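Take the sequence shown: its letter number 55 is residue 55 in UniProt numbering, and every next letter is one higher.
Think of the CB as a built atom: it goes at the ideal place given N, C-alpha and C, for glycine as much as any other residue.
Please read these numbers as outputs of a predicted model, since none were measured by experiment.
A short write-up of the structure that comes next.
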Amino acid sequence: MLQGHLNTETALPIEAGESPDVLFDLGLLFASGRGAPVDLIAAHKWFNLAALKGRADAIELRREVAAQMSADEIAAAQREARAWITSH
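Printed below as a string of C-alpha cells:
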C-alpha cells in the first residue's frame with residue numbers, strides 16, 4: 001500500500017514502454033485520492049492509457065470515472081492521453 005505523499009508536480013514521466021500495471025495504478029491513485037488529491041481527469045487519462053496497453057480491467061474503471069465527469073472533462077482527459085502518447 002502507498003504510504004506518504006506523491007508529489008505529482010515533480011514526479012518523473014513514465015516511459016512509453018512502461019507496464020500497463022503502472023499506468024493502471026496511477027489511475028487508481030487519482031481516482032481514490034490516496035497519496036494525491038482526487039483528479040478524475042487524470043484518473044480517466046491513466047485508465048485510458050492502461051487499457052490501450054492491455055489492461056482490460058482499466059476499461060470498466062475508466063467507465064466508472066467517466067460517469068462522474070462532464071463531457072468537457074472527458075474530452076480534456078482524452079486530449080491529455082493523446083498528448084502523453086505523442087510525447088512518449
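For residue 45, the CB contacts under 6 Å within the same chain, skipping 5 residues up- and downstream, are 77, 80 and 81 in chain order.
In the structure shown, the three-state DSSP call for residue 63 is helix. Less than 7 Å divides the Cβ of residue 58 from the Cβ of residue 24. Comparing C-alpha distances from residue 19 to each of 60, 63, 69 and 55 shows the shortest one belongs to 55. Here residue 27 is buried: its Cβ has 16 or more other Cβ atoms, across all protein chains shown, within 10 Å. Closest in C-alpha terms to residue 74, from the list 42, 21 and 85, comes 42.
Just measuring C-alpha positions, the residue of 72, 53, 52 and 65 sitting nearest residue 40 is 65.
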